[in-house]
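Asks: Starting off with a structure, shown below.
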Amino acid sequence: MRKVKRIAAVAAVVIGSVATAGGATASAADQARAPEDRATCAKTKVWLNDDWGCVISYGDRLKVADDTWDGNGTRLRWTSSLPNSHGKYKGSCKDYNGSENGSEECDYSFPEGTTINYKLEQISGGEVVDETEGWFQAEV
14 MRKVKRIAAV
24 AAVVIGSVAT
34 AGGATASAAD
44 QARAPEDRAT
54 CAKTKVWLND
64 DWGCVISYGD
74 RLKVADDTWD
84 GNGTRLRWTS
94 SLPNSHGKYK
104 GSCKDYNGSE
114 NGSEECDYSF
124 PEGTTINYKL
134 EQISGGEVVD
144 ETEGWFQAEV
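This note's numbering puts the first residue of the sequence shown at 14, with every later residue one more than the last.
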């Protein structure tokens, strides 16, 4: 009888451990999905004609697309509240490849909690020919 109780107790511990591990796995899966939510442009996308740009907070990336058939390039100009890993407080992500070549993605390393101010510009011959009104803001 004592052996049966011991087996039952061990089984209960094993089942409890498996249940807890399952709970931890579900929690890890939920956490793994969180970056996917932060890995999109949906909340930070700005438009200028058919061109667009955005800040992707997960991975500290900027994305820009020259989708207007006008012969101009597009750039997403940015400034930051903290320097990136190269010590930069400003820069730009550019797409000068034409409207049929997809978007360009620029990978920056900003410290957590950095505020990014950004605006979209159309460029011709190095000069701004059109731009969004004002600056937009996102946090990475």
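In this text, a Cβ means the ideal position worked out from N, Cα and C, and glycines have one as well.
What is the rounded straight-line gap between the Cα of LYS56 and the Cα of GLY138?
Replies: Going by the C-alpha atoms only, they are around 31 Å apart.
Asks: Taking the C-alpha atoms as reference points, what is the distance between SER116 and VAL141?
Replies: Rounded to the nearest angstrom, the two C-alpha atoms are 19 Å apart.
Asks: Roughly how many angstroms lie between the CA atoms of ASP64 and SER93, to the nearest whole one?
Replies: Rounded to whole angstroms, ASP64 to SER93 spans 22 Å at the Cα level.
Asks: What residues in its chain sit with their C-beta under 6 Å from that of LEU95, if we drop five residues either side in the sequence?
Replies: Closer than 6 Å at Cβ, skipping near neighbours: PRO124 and THR127.
Asks: What residue from ASN62, CYS54 and TYR102 has the CA that sits closest to ASN130's CA?
Replies: Measuring from the Cα of ASN130, the nearest candidate turns out to be TYR102.
Asks: Assign CYS54 to one of three DSSP states: helix, strand, or coil.
Replies: If DSSP states are grouped into helix, strand and coil, CYS54 belongs with coil.
Asks: Judging by CA-CA distance, which residue of LEU133, ILE69 and VAL153 is the nearest neighbour of GLY86?
Replies: Measuring from the Cα of GLY86, the nearest candidate turns out to be LEU133.
Asks: Mapping DSSP to helix, strand and coil, what is GLU146?
Replies: Coil.
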